[in-house]
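Undergrad:
Numbering (my numbering), first residue to last: 35 to 414.
1. Just tell me which of 371, 385, 386 has its CA closest to the CA of residue 191.
2. Which same chain residues, not among the five before or five after residue 391, have their C-beta less than 6 angstroms away from its C-beta?
3. Enumerate, from N- to C-terminal direction, the unbroken alpha helix (DSSP H) stretches of 4 or more residues contained entirely within the segment 208 to 259.
4. Can you grab the Cα-Cα spacing for the pair residue 78 / residue 195, in whole Å?
5. Please classify residue 114: is it buried, with 16 or more other beta-carbons within 10 angstroms of its beta-carbon, or exposed?
6. For a quick check, are the C-beta atoms of residue 394 and residue 236 less than 9 angstroms apart?
7. Identify, in the order they occur along the chain, each residue of the same chain with its Cβ nearer than 6 angstroms to the Cβ of residue 400, setting aside the five sequence neighbours on each side.
8. Would you check if the segment 210 to 221 and the segment 245 to 252 touch, i.e. whether three or more CB-CB distances between them fall below 8 angstroms?
9. Of all the options 303, 145, 347, 73, which has the alpha carbon lying nearest to the alpha carbon of residue 318?
10. What number of angstroms, rounded off, separates the C-alpha of residue 446 from the C-alpha of residue 339?
11. Roughly how many whole angstroms lie between the Cα atoms of residue 358 and residue 110?
12. Skipping 5 residues on each side, what residues in its chain have a beta carbon closer than 6 angstroms to that of residue 226?
13. With DSSP collapsed to three states, give me the class of residue 319.
14. Give, in chain order, every unbroken run of the beta strand (DSSP E) that is at least 3 residues long and sits entirely within the segment 136 to 185.
15. What does the alpha-carbon distance come out to for the pair residue 272 and residue 285?
16. Return helix, strand or coil for residue 33, following the three-state DSSP convention.
17. Between which residues of its own chain and residue 188 is the CB-CB distance below 8 angstroms, once the five residues before and five after are set aside?
18. Taking DSSP as the reference, what is the three-state secondary structure of residue 354?
What follows is the structure in structure tokens.
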């Protein structure tokens with residue numbers, strides 16, 4: 035398992051480094067004739083192996099963006115000026131420099147990196163290059179990057195950040211301009227466009243149902259984003275649907291959204307008088323924070339409080355109490371989004387927007403208490 039995870043991480047770092055250098059060359063940041071630093075220096079700067087650097091530079095040499103001169107080093111061979119990019123956008127889709135823009139929410143997030151790898155896998159075989167940016171979970175930065183990349187690419191894959199009201203105006207402008215774009219991970223209410231998401235409602239339902247079947251009755255739903263974020267809202271609706279179908283009354287006080295000043299939020303969650311006996315966290319990062327807080331207060335997971343997450347991040351299986359969680363298909367999400375976008379650009383898909391929802395899977399580990407409860411039943 036660890037070897038597979040290390041291989042996946044290396045693949046992600048390689049793709050990220052390749053995209054960074056390609057973007058810097060095509061944007062003109064690295065001018066034609068620029069000599070790159072030695073491979074060892076690049077490896078240290080970016081925290082990757084020298085073999086990864088050699089592979090990335092070799093790919094860029096094959097693409098004609100770099101050239102190696104024996105005894106001198108590696109140099110930028112071609113840097114497309116903005117005028118070239120703009121001219122290419124007026125040509126048919128088979129022009130030389132076909133490109134797709136990808137705007138992610140974070141730079142160091144496993145979900146985002148999986149989407150990035152998936153998009154690249156979809157577009158590269160079809161002759162497209164990838165320009166990417168990060169909004170850093172800031173709606174204003176997202177709007178700025180959309181404005182920048184829509185003028186230099188043939189279409190966009192966008193990971194919305196914040197609530198619908200933050201994203202709606204800029205996305206509506208894109209539709210009015212006729213810019214092809216596909217949303218990934220979440221949709222935006224009020225904007226009917228192509229999107230690729232996970233079955234968040236189904237995942238929320240299955241996570242909550244599992245806890246109900248195990249006998250928990252006071253199940254909390256915890257998120258750090260508001261319920262106006264589509265993916266969060268759907269997971270919450272799945273949570274509520276499971277409660278309803280299993281005839282468990284919905285308790286509004288068990289839906290936790292932290293205030294802006296969130297000091298000691300998790301402490302009060304696990305130690306307060308209204309403490310739940312199980313918690314469905316909207317993502318694995320929150321689940322991890324809850325488990326750490328519980329441990330700090332001497333509470334045991336799952337004996338004192340059960341925890342279920344969402345995402346199936348790589349750390350979930352490696353915790354001292356492995357985390358039960360809902361697994362998403364990161365790379366497949368990016369791959370399907372990239373494929374759909376290019377099909378729109380090239381006129382292979384027409385008509386009404388496509389809404390693609392990928393299945394999820396509940397991965398049962400120790401944090402929910404399933405094994406503990408089964409062992410108790412066997413001992414009676």
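Think of the CB as a built atom: it goes at the ideal place given N, C-alpha and C, for glycine as much as any other residue.
TA: According to the structure data:
1. With distances taken between Cα atoms, residue 191 lies closest to 371.
2. The beta carbon of residue 391 lies closer than 6 angstroms to those of 231, 233 in the same chain, with the five residues before and after it left out.
3. Fully enclosed alpha helix (DSSP H) runs of no fewer than 4 residues occupy 234 to 247 of the segment 208 to 259, in order along the chain.
4. One C-alpha to the other measures close to 32 angstroms.
5. A caution first: residue 114 carries a pLDDT of 46, below 50, which makes its placement in the model unreliable, though a value can still be read off. By the 10 Å Cβ count, residue 114 comes out buried.
6. In this structure, residue 236 lies closer than 9 angstroms to residue 394 by Cβ.
7. Same-chain partners within the cutoff: 355, 356.
8. No, the segment 245 to 252 does not touch the segment 210 to 221.
9. Taking only the C-alpha atoms, the option nearest residue 318 is 347.
10. In the structure as shown, the chain starts at 35 and stops at 414, and residue 446 therefore has no counterpart that could be examined.
11. Across the structure, residue 358 and residue 110 are spaced so that their CA atoms are roughly 48 angstroms apart.
12. Excluding residues within five positions, the ones whose Cβ falls inside 6 angstroms are 387.
13. Helix at residue 319.
14. Counting whole runs of 3 or more residues, the segment 136 to 185 contains the beta strand (DSSP E) stretches 162 to 168.
15. Computed Cα separation, rounded: 15 angstroms.
16. The structure shown has nothing for residue 33, since the chain only spans 35 to 414.
17. 123, 127, 132, 133, 134, 162, 214, 379, listed in sequence order.
18. Of the three classes helix, strand and coil, the one that applies to residue 354 here is coil, per DSSP.
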